[in-house]
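Asker: For the sequence shown, the numbering used here assigns the number 1 to the initial residue and increments by one for each residue that follows. Would you mind keeping the following structure in view while I ask a few things?
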Amino acid sequence: MTVPMTGSADLLERELKVLSPATRIGFFPVVVDGGAGAWFTDREGRRFLDFHSMACVVNTGHGHPRVVRAIQEQAGRLVHTNSAYASHEGLVLLAERLADLAPGDAPRRVAFGLSGSDANDGALKLARAATGRPRVIAFRHAYHGNTYGALSLSAVSLAMRRGFGPEVPGVHHVDFPDVYRMPGPADAVADRCLAQLRDLLAASVPVEEVAAVFVEPIQGDAGIVVPPRRFLDGLAGLCRDNGILLVAEEVQTGAGRTGRWFASELFGLEPDILVAGKALGSGLPVSAVIADARLMASWSAPGHVFSTAANPVCAAAALATLDVIDEEGLTANAAAMGERLRAGLAELAARHPAIGDVRGAGLMYGLDLVTDPVTRRRSRRLAAAVSAACFSRGLYVTFLRGSVLRLAPPLVIDAGEIDLALDILDASLADAVQGRVPEAHISAVVGW
Ligand SMILES: Cc1ncc(COP(=O)(O)O)c(C=O)c1O
């Protein structure tokens, strides 16, 4: 097997000396140099089909011409104004668009930021300010980001907490329904998780002190975990009955990823606060807290200002991104291509016993690899081997939660590219299971 693992070794060695190790999750030694649509190229000119979308950021594909043009035109006119001090047209247009897109009929207002992390911090501050309550609930294995508030909400990796405590106080974690790994039928799993939350509220966390529940409608970095609708219905009811705000954390699931603008729509959720980021700016930093206008009246400046948030260039990128998703039918394409991907993965699962579970929605799928389909024990080694083998064939795939291949291409992907990825996955699974992936390539993949 020819494995392009050593490209740009000189640059990567220099990088090792100057880049903080806390900032890179070790998958492949690739130095990205260009990109178009669902593909990127490295410095050696090798092409990779991007089934990662740079962690669900380039939903419109690499270098979408309309997004690039919008950025260039805006940069030529005005790069920056600080929206904490002065308005600009793009800021207002973008806030109007997002307020309109968020699920639910209540009027919404928007607070901008630069990352999913700061938006989660914003939602946490807003929830406390609006309710006067100090505590929040989040779910085990969720990833909400790396600023202090967001990392306190997260419960996915010790490495993001070790040495950094104490976290923001008042965050309580409960189980999210993982129907593949928790025993019993899906509805029973949903009920048990809701019961666990009710127990917490009855025994140790006074319900009248709880400001909000933060939930990803589909957990992303936890391993693409799709909850039964019954769970989200129950959660929304529990929030409503107790004056708790429901925060839909859609940093990863938003911007068309699941075949709808927001994954909340898949479950009929109408959150009080919606958190968005990642793909909003097609790679330029834009995040947003979108909330019921009445809630937004409960905090004031400078409660959530950032010098460069939604500046003219970022806002132009985001407006063009929304136009592209809308006018090029990318949510419909995500749904259609997602269905093709799902069918292909189901067919692979029928032939490869190492595939324990196929789950997801739209173009956000997880392939859970196991050592044995009966025990469902995670196989980190297989996940590393399959992704290394895919990389050698020009398919860029990473994995989450140790064993779950994350399949999340740009929403502009076409049927031929989906089929190509399925063929590569098929061959790579066979290589991994039959021990044909070189040991050095498997151990080079650190993952997380
Ligand atoms: C669900 C979710 N929330 C928040 C974040 C953090 O976003 P950012 O890296 O832009 O701070 C991520 C990033 O992976 C995410 O997947």
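Just so you know, even glycine gets a beta-carbon here, dropped at the ideal spot from N, CA and C. Please read all numbers here as calculations on a predicted model, not as lab measurements.
Exposed or buried, what is Glu439 when buried is set at 16 or more other beta-carbons lying within 10 Å of its beta-carbon?
Answerer: Within the sequence shown, residue 439 is the residue found at index 439, counting from 1. Exposed, because fewer than 16 other Cβ atoms sit within 10 Å of the Cβ of Glu439.
Asker: Return yes when the C-beta of Thr60 is under 8 Å from any heavy atom of ligand 1, and no when it is not.
Answerer: Residue numbering aside, residue 60 sits at position 60 when the sequence shown is read from its first letter. Flag unset: Cβ of Thr60 not near ligand 1.
Asker: Ala142 to Ala385, Cα distance in whole Å?
Answerer: Taking the first residue of the sequence shown as 1, we reach residue 142 at position 142. Taking the first residue of the sequence shown as 1, we reach residue 385 at position 385. Approximately 25 Å, taken between the alpha carbons.
Asker: Between which two residues does the alpha helix (DSSP H) harbouring His441 extend?
Answerer: Taking the sequence shown and counting its residues from 1, the one referred to as residue 441 is at position 441. Note, His441: alpha helix (DSSP H), Glu439 to Ala444.
Asker: Run through DSSP, which three-state label would Asp431 get?
Answerer: The residue labelled residue 431 in the question sits at position 431 within the sequence shown. Residue state, collapsed to three classes: helix.
Asker: Flag this pair as yes or no: are the beta carbons of Leu295 and Ala130 separated by less than 9 Å?
Answerer: Start at 1 with the first residue of the sequence shown, and residue 295 comes out as number 295. Start at 1 with the first residue of the sequence shown, and residue 130 comes out as number 130. The answer is yes: Cβ separation under 9 Å.
Asker: Taking buried to mean at least 16 other C-beta atoms within 10 Å of its own C-beta, is Val374 buried or exposed?
Answerer: Here residue 374 refers to the residue found at position 374 when the sequence shown is read from its first residue. Result: exposed.
Asker: I'd like to check one pair, Gln196 with Asp221: are the Cβ atoms closer than 9 Å?
Answerer: By one-based count along the sequence shown, residue 221 stands at place 221. By one-based count along the sequence shown, residue 196 stands at place 196. Contact flag unset, no.
Asker: Give the straight-line distance between the Cα atoms of Glu216 and Val251, rounded to the nearest whole angstrom.
Answerer: As a working note, residue 216 is residue 216 in the sequence shown. As a working note, residue 251 is residue 251 in the sequence shown. Using only the alpha carbons, I get a separation of about 8 Å.
Asker: Report the three-state DSSP secondary structure of Thr321 (helix, strand or coil).
Answerer: Residue mapping note: residue 321 aligns to position 321 of the sequence shown, counting from 1. DSSP places Thr321 in helix when its eight states are reduced to three.
Asker: Would DSSP call Glu249 helix, strand or coil?
Answerer: Here residue 249 refers to the residue found at position 249 when the sequence shown is read from its first residue. Glu249: strand per DSSP, three-state reduction.
Asker: Can you pull the DSSP bridge partners for Arg406?
Answerer: Start at 1 with the first residue of the sequence shown, and residue 406 comes out as number 406. DSSP lists Gly366 and Thr398 as partners of Arg406.
Asker: Going by Cα to Cα distance, which pick from Arg77, Arg128 and Phe48 is closest to His421?
Answerer: Locating residue 421 in the sequence shown gives position 421, where the first residue counts as 1. First, the amino acid is wrong: residue 421 is Ala here, not His. The candidate whose alpha carbon is nearest that of Ala421 is Phe48.
Asker: To the nearest angstrom, report how far apart Cys56 and Tyr85 are at their CA atoms.
Answerer: Mapped onto the sequence shown, residue 56 falls at position 56. Mapped onto the sequence shown, residue 85 falls at position 85. Roughly 31 Å separates the two Cα atoms.
Asker: Verify the contact flag: Ala55, CB atom, against every heavy atom of ligand 1, threshold strictly below 8 Å.
Answerer: Mapped onto the sequence shown, residue 55 falls at position 55. Indeed, a heavy atom of ligand 1 lies less than 8 Å from the Cβ.
Asker: Quick one: using the 10 Å Cβ neighbour count with 16 as the cut-off for buried, is Thr321 buried or exposed?
Answerer: Looking up residue 321 in the sequence shown gives position 321. So Thr321 counts as buried.
Asker: Using the DSSP secondary-structure output, state which residues sit across from Gly35 in a beta bridge.
Answerer: Along the sequence shown, read from residue 1 onward, the residue named residue 35 stands at position 35. In DSSP, Gly35 forms a bridge with Phe40.
Asker: Does at least one heavy atom of ligand 1 sit under 8 Å from the Cβ of Asp221?
Answerer: The residue given as residue 221 occupies position 221 in the sequence shown. Yes, Cβ of Asp221 sits closer than 8 Å to a heavy atom of ligand 1.
Asker: Suppose you measure from the CA of Val213 to the CA of Ala202; what does that come to, to the nearest Å?
Answerer: Sequence index remark: in the sequence shown, residue 213 carries index 213 (1-based). Sequence index remark: in the sequence shown, residue 202 carries index 202 (1-based). Computed Cα separation, rounded: 16 Å.
Asker: Using the beta-carbon count (16 or more within 10 Å), is Arg162 buried or exposed?
Answerer: Position 162 of the sequence shown, counting from 1, holds the residue named residue 162. It is exposed - the Cβ of Arg162 has fewer than 16 other Cβ atoms within 10 Å.
Asker: Ignore the nearest five residues each way along the sequence and tell me which others in Leu151's own chain have a CB closer than 6 Å to its CB.
Answerer: What you label residue 151 is simply residue 151 of the sequence shown in a count that begins at 1. Excluding positions up to five away in sequence, the list reads Met160.
Asker: Within 10 angstroms of its Cβ, does Asn333 collect 16 or more other Cβ (buried), or is it exposed?
Answerer: Counting from one through the sequence shown, the residue named residue 333 turns up at place 333. Classification of Asn333: buried, given that the 10 Å Cβ count is 16 or more.
Asker: Beta-carbon within less than 6 Å of Val207's beta-carbon, same chain only, minus the 5 sequence neighbours each way: which residues are those?
Answerer: Taking the first residue of the sequence shown as position 1, residue 207 is located at position 207. So the qualifying residues of the chain are Leu201 and Asn242.
Asker: Kindly indicate which residue of Val18, Asp50, Ala36 and Gly145 has the alpha-carbon position closest to the one of Phe28.
Answerer: Translated into the one-based positions of the sequence shown, residue 28 becomes position 28. Considering only alpha carbons, the answer is Asp50.
Asker: Considering only the beta carbon of each residue, do Gly113 and Ser287 sit closer than 9 Å?
Answerer: Counting from one through the sequence shown, the residue named residue 113 turns up at place 113. Counting from one through the sequence shown, the residue named residue 287 turns up at place 287. Result yes, Cβ atoms of Gly113 and Ser287 sit closer than 9 Å.
Asker: Glu464 and Ala38 look like a contact to me (Cβ under 8 Å); what is the Cβ gap, rounded to whole Å?
Answerer: The shown model of the chain, from 1 to 448, leaves out residue 464, and the question about it has no answer.
Asker: Kindly indicate which three-state DSSP category Val168 falls into: helix, strand or coil?
Answerer: To locate residue 168, count along the sequence shown from 1; it is residue 168. Three-state DSSP puts Val168 in coil, outside helix and strand.
Asker: Quick one: any contact between the region 14-23 and the region 386-405, if contact means 3 or more CB pairs under 8 Å?
Answerer: Not touching, per the Cβ criterion.
Asker: Cβ of His352 versus every heavy atom of ligand 1: is any distance shorter than 8 Å?
Answerer: In the sequence shown, counting from the first residue as 1, residue 352 sits at position 352. Because no heavy atom of ligand 1 lies under 8 Å away, the Cβ of His352 does not count as near it: no.
Asker: With a threshold of 6 Å on Cβ separation, who are the neighbours of Phe40 within its own chain once the five nearest residues in sequence on each side are excluded?
Answerer: The count along the sequence shown starts at 1 and reaches residue 40 at position 40. Cβ neighbours of Phe40 beyond the five flanking positions: Val32, Phe48, Asp50 and His62.
Asker: Using a Cβ-Cβ cutoff of less than 7 Å, which residues in the same chain neighbour Asp426 once the five nearest sequence positions on both sides are dropped?
Answerer: Position 426 of the sequence shown holds residue 426. Cβ within range, chain order: Leu348.
Asker: How about the region 120-139 and the region 310-317: do they share at least three Cβ pairs that are nearer than 8 Å?
Answerer: They do not touch, by the three-pair rule.
Asker: DSSP puts Gly113 in a beta bridge; with which residues?
Answerer: As a working mapping, residue 113 is identified with position 113 in the sequence shown. The partner list for Gly113 (beta bridge, DSSP) reads Ser287.
Asker: Going straight from the alpha carbon of Arg406 to that of Asn146, what length do you get?
Answerer: As a working mapping, residue 406 is identified with position 406 in the sequence shown. As a working mapping, residue 146 is identified with position 146 in the sequence shown. Cα-Cα distance, rounded: 20 Å.
Asker: Looking at ligand 1, does it come within less than 8 Å of Lys125, judged from the CB to the closest heavy atom?
Answerer: Position 125 of the sequence shown, counted from the first residue, corresponds to residue 125. The answer is no for Lys125.
Asker: Pro410 and Leu363 - do their beta-carbons sit closer together than 9 Å?
Answerer: Along the sequence shown, read from residue 1 onward, the residue named residue 363 stands at position 363. Along the sequence shown, read from residue 1 onward, the residue named residue 410 stands at position 410. A contact, by the Cβ cut-off of 9 Å.
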